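Those protein sequences? They're chains A and B, same order as listed.
Under the working numbering, the first residue of the first sequence carries the number 443, and numbering increases by one thereafter.
Under the working numbering, the first residue of the second sequence carries the number 443, and numbering increases by one thereafter.
We put the beta carbon where it would ideally sit given N, CA and C, even for glycine.
Computed from a prediction, not measured in an experiment: that's the story for all the values here.
See structure below.
Number of protein chains: 2
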Amino acid sequence: MASYATRSREELRIEAKKMIARYGELMQQGLKLDMSRGKPSKLQLDLVSDMLTVLTDPAECIIDGEDARNYGNLAGLKCAREYWADVLGCKPEQTFVGGNASLHLMHSLISWAYTHGLKESPRPWCNEKRVKFLCPSPGYDRHFRITESFGFELVTVPMTPYGPDMDIVEELVQDPLVKGIWCVPKYSNPQGYTYSDITVNRFANLKPAAPDFVIMWDNAYCVHEFDGEFEPFPDIISLCEAAGKPNMVYEFASTSKITFPGAGISVMASSVENIAHMTKLISAQTISYDKINQLRHVKYLKDKAHTIELMKRHATIMGPKFEMVLKMLRAQLTNKGIAHWHHPKGGYFVCVAAMPGTAKRTLELCKRCGVVLTPAGATYPYGVDPHDSMIRIAPSLPPIEELEKAMNVFCTSLRLAALERYLGMPLIED
Amino acid sequence: MASYATRSREELRIEAKKMIARYGELMQQGLKLDMSRGKPSKLQLDLVSDMLTVLTDPAECIIDGEDARNYGNLAGLKCAREYWADVLGCKPEQTFVGGNASLHLMHSLISWAYTHGLKESPRPWCNEKRVKFLCPSPGYDRHFRITESFGFELVTVPMTPYGPDMDIVEELVQDPLVKGIWCVPKYSNPQGYTYSDITVNRFANLKPAAPDFVIMWDNAYCVHEFDGEFEPFPDIISLCEAAGKPNMVYEFASTSKITFPGAGISVMASSVENIAHMTKLISAQTISYDKINQLRHVKYLKDKAHTIELMKRHATIMGPKFEMVLKMLRAQLTNKGIAHWHHPKGGYFVCVAAMPGTAKRTLELCKRCGVVLTPAGATYPYGVDPHDSMIRIAPSLPPIEELEKAMNVFCTSLRLAALERYLGMPLIED
Chain A
443 MASYATRSRE ELRIEAKKMI ARYGELMQQG LKLDMSRGKP SKLQLDLVSD MLTVLTDPAE
503 CIIDGEDARN YGNLAGLKCA REYWADVLGC KPEQTFVGGN ASLHLMHSLI SWAYTHGLKE
563 SPRPWCNEKR VKFLCPSPGY DRHFRITESF GFELVTVPMT PYGPDMDIVE ELVQDPLVKG
623 IWCVPKYSNP QGYTYSDITV NRFANLKPAA PDFVIMWDNA YCVHEFDGEF EPFPDIISLC
683 EAAGKPNMVY EFASTSKITF PGAGISVMAS SVENIAHMTK LISAQTISYD KINQLRHVKY
743 LKDKAHTIEL MKRHATIMGP KFEMVLKMLR AQLTNKGIAH WHHPKGGYFV CVAAMPGTAK
803 RTLELCKRCG VVLTPAGATY PYGVDPHDSM IRIAPSLPPI EELEKAMNVF CTSLRLAALE
863 RYLGMPLIED
Chain B
443 MASYATRSRE ELRIEAKKMI ARYGELMQQG LKLDMSRGKP SKLQLDLVSD MLTVLTDPAE
503 CIIDGEDARN YGNLAGLKCA REYWADVLGC KPEQTFVGGN ASLHLMHSLI SWAYTHGLKE
563 SPRPWCNEKR VKFLCPSPGY DRHFRITESF GFELVTVPMT PYGPDMDIVE ELVQDPLVKG
623 IWCVPKYSNP QGYTYSDITV NRFANLKPAA PDFVIMWDNA YCVHEFDGEF EPFPDIISLC
683 EAAGKPNMVY EFASTSKITF PGAGISVMAS SVENIAHMTK LISAQTISYD KINQLRHVKY
743 LKDKAHTIEL MKRHATIMGP KFEMVLKMLR AQLTNKGIAH WHHPKGGYFV CVAAMPGTAK
803 RTLELCKRCG VVLTPAGATY PYGVDPHDSM IRIAPSLPPI EELEKAMNVF CTSLRLAALE
863 RYLGMPLIED
């Protein structure tokens, strides 16, 4: 099958006719499928059911001389801090174990920076005339939204298969208005790229003009392989420390895609000094986080090695879904010059770069067929993809049979959107 | 026993000698007791042990067509919103069910007001030149600290047995810089006063100059009787609505002193419009709160009536402790003109008003004997009690035998501090 670009108008018309017919058939299936968010599936939730019974004896709530059922210990249970230090490869005293959502910790950090300032801030960010924040894109919409909600200027940084384009990052941080950057270093959302060692080292060795520049290191998918063995990752905290910038990075993670989404535990890790600074600020916000749930998680997940074993069981559910998505993309979109994508080995997404100018239209056609995806543009600052090209597919939630149907709709819609561009006419009327 | 004020210097010397000897004996007991915070005791935690086993079947996690184990539903499970509406006497759509701490919700509200503004705000509070906040005192130190941490000017409002002095409140809210007030309407922290119906009505009918004036209605002890039957309380939300100011109040509560402190669920209740406004803001902060724990609580607590039954069981533990405290106060401090106190029927504290100028010294003497209480002044803005008089006693944590010892230390210390003032000399050397 030749690229659409090299086909004659007549050949494209024949292809269009085929696709219109196929789209009509798909319409009649009356689908109602959601691939918009990285929600684990019911099978995955059932997989970790023992979470509900792992802590039933009140006597077990007393641990390291502390009763997990009572107020206190803001930075988290000793065993929970040890657990996260093991997973992230840092030290327990560099961790702060939070509540059910790492996003909440990230938001708190930015909010505190805005209202009170970070450890190295000369003043709270609300007293700065302008604040710029770097957003490697495509990226995670909820990250961008946090910094947008505080009125920061979002600056798009292009992504490469090795992470954000560091030449550009190194140049941009010369601007003292640039106060930070969002990063998902492993299986980036949405492309599934893992930052190379060179990229990670260049991050640790950044010399930003702003003294309180902060790397928001969201290690959301640190143990989330669905294809192959666990891939070790470097400890950004010790790398920043070695580079003489121990307070430049905050790392985040959670168990949301390990145990129960939104009912797990989260962590913020940084230098001991930064953790002390934030703990003092957070002490005005809350007495302590849910330590019973922390204990439940430590009892269930035990340690890094045991967590990785559990992730292999998640992989038996997630792997086939990603295989299906990639198989359908290969079968229906290869060699047409209208889309390309990366084959990730972990994380929660496949990101399809459609022919420029066709992403929105593709999603519109999907939606009419009952298939909802992440809105086009969502992976860029302000929700605007300048090329109208990137589409995020989240295969985790639907059962695999539905996923096949949904991908059929997606590929057909994408081909129709491309054909409309080539032929310069709408193929599917309202 | 006559008041110290009417005794001769010789009589006071004899009393002092007696107290010094008693203090010496108490010193030798080597006590180490903490009555500083309103922490429930181990007996109370054990009382609610069934919380750990109330939700063990994954099938039960699917409720009202929703899987509590997955992301989503920011405002909380339907059944959790219904539960809180029942307890507070408002409507489910007027509730937002949060995470493990109502303090966190209160902090979020003030932080959002500061960074983004409330529903009625002409601008975020960080863009106001000055913000004043009313603090009925004595009050809850953590409330005051939230508003202090944002640089607001804290304005002390005197408390009366019927609630804050409303003549003064009504006058102060004429100042457009005054943006809100902290309230604990039932069994106020620390005095245990319940606002009268007249006070509550005057609150609902406030006509503040600031359009975004907010009543922070922390109903922390709404079902927390330890002496006698449950006392019904008015629904501040419908009262404000009836008075034409539906967006003026936010009410808060949590299960921290019903089930597990810091591992329960919390609620924020207000007008539907306010809840919509806050839900939108909070959607940038988190995807959803821990709905499994919400479900666990609804299954365990069931409804208001069942919760009140549970509180009666807490009362069998709490009641005798308060009785002991009050008995000791009566036995050792009555009719000496050096202290008075209110006999609360619920809540977590007894507040002793010592002779002006003796609170700090009393706590110092207690500490030397191994008994720690809430720091003197903590119940006032900026931690400064202008009369150095108010002392908060939190009897919940220690077992009753220890409480008796601690109260012996407390009463002796208070008498010594008063005698030092009358005699004009230190009685206990460093």
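Below-9 Å beta-carbon distance, residue i vs any chain A residue
i: residue 584 of chain B; result: yes
i: residue 821 of chain B; result: no
i: residue 592 of chain B; result: yes
i: residue 876 of chain B; result: Chain B is shown only over 443 to 872; residue 876 of chain B falls outside these bounds and no answer can be derived.
i: residue 732 of chain B; result: yes
i: residue 588 of chain B; result: yes
i: residue 506 of chain B; result: no
i: residue 503 of chain B; result: yes
Delimiting residues of the beta strand (DSSP E) encompassing residue i
i: residue 659 of chain B; result: 656-660
i: residue 667 of chain B; result: Neither: residue 667 of chain B is in no beta strand (DSSP E) and is coded neither H nor E.
i: residue 705 of chain A; result: No beta strand (DSSP E) holds residue 705 of chain A; DSSP gives it neither H nor E.
i: residue 537 of chain B; result: 537-539
i: residue 781 of chain A; result: 781-783
i: residue 566 of chain A; result: Neither: residue 566 of chain A is in no beta strand (DSSP E) and is coded neither H nor E.
i: residue 601 of chain B; result: 595-602
Under the three-state DSSP convention, the category residue i falls into
i: residue 635 of chain B; result: coil
i: residue 479 of chain B; result: coil
i: residue 824 of chain A; result: helix
i: residue 579 of chain A; result: strand
i: residue 609 of chain B; result: helix
i: residue 574 of chain A; result: strand
i: residue 788 of chain B; result: strand
i: residue 509 of chain B; result: strand
i: residue 710 of chain A; result: strand
i: residue 484 of chain B; result: helix
i: residue 625 of chain B; result: strand
i: residue 923 of chain B; result: One cannot answer for residue 923 of chain B here, as it falls past the ends of chain B, which runs 443 to 872.
i: residue 724 of chain B; result: helix
i: residue 696 of chain B; result: strand
i: residue 493 of chain A; result: helix
Test: residue i CB closer than 9 Å to a CB of chain B
i: residue 654 of chain A; result: no
i: residue 512 of chain A; result: yes
i: residue 700 of chain A; result: no
i: residue 727 of chain A; result: yes
i: residue 549 of chain A; result: yes
i: residue 545 of chain A; result: yes
i: residue 558 of chain A; result: yes
i: residue 500 of chain A; result: yes
i: residue 495 of chain A; result: yes
Endpoints, alpha helix (DSSP H) assigned at residue i
i: residue 586 of chain B; result: 583-591
i: residue 835 of chain B; result: From DSSP, residue 835 of chain B is part of no alpha helix (DSSP H) but of the beta strand (DSSP E) over 832-835.
i: residue 746 of chain B; result: 746-775
i: residue 466 of chain B; result: 451-469
i: residue 554 of chain B; result: 544-557
i: residue 852 of chain B; result: 842-865
i: residue 801 of chain B; result: 801-810
i: residue 684 of chain A; result: 678-684
i: residue 739 of chain A; result: 733-743
Whole-angstrom C-beta distance between residue j and residue i, which should lie under 8 Å
i: residue 732 of chain B; j: residue 705 of chain A; result: 5 Å
i: residue 870 of chain A; j: residue 465 of chain A; result: 6 Å
i: residue 833 of chain B; j: residue 848 of chain B; result: Not really, about 13 Å apart at Cβ, beyond 8 Å.
i: residue 771 of chain A; j: residue 740 of chain A; result: About 40 Å separates the two Cβ atoms, so there is no contact after all.
Min CB distance residue i to chain C below 9 Å
i: residue 491 of chain B; result: Looking at the structure shown, chain C is missing, and the protein chains on hand are A and B.
Chain B contacts from the segment 703-718 of chain A (Cβ-Cβ distance under 7 Å): 703, 704, 705
Short-range partners of chain A found in the segment 461-490 of chain B, where Cβ spacing is below 8 Å: Of all residues in the segment 461-490 of chain B, 479, 481, 482, 484, 487, 488 have a Cβ within less than 8 Å of some Cβ in chain A.
Selection of the segment 734-755 of chain A by Cβ proximity to chain B, strictly under 8 Å: Result list: 734, 735.
Residues within the segment 509-533 of chain A neighbouring chain B, beta-carbon criterion of under 8 Å: 509, 510, 511, 512, 513, 514
Residues in the segment 639-668 of chain A having any Cβ partner in chain B nearer than 7 Å: none
Residues of the segment 834-849 of chain B whose Cβ lies closer than 8 Å to any Cβ of chain A, in chain order: Those residues of the segment 834-849 of chain B placed with their C-beta closer than 8 Å to a C-beta in chain A do not exist.
Residues from the segment 561-579 of chain B in contact with chain A, defined by Cβ distance under 7 Å: Cβ contacts with chain A: 568.
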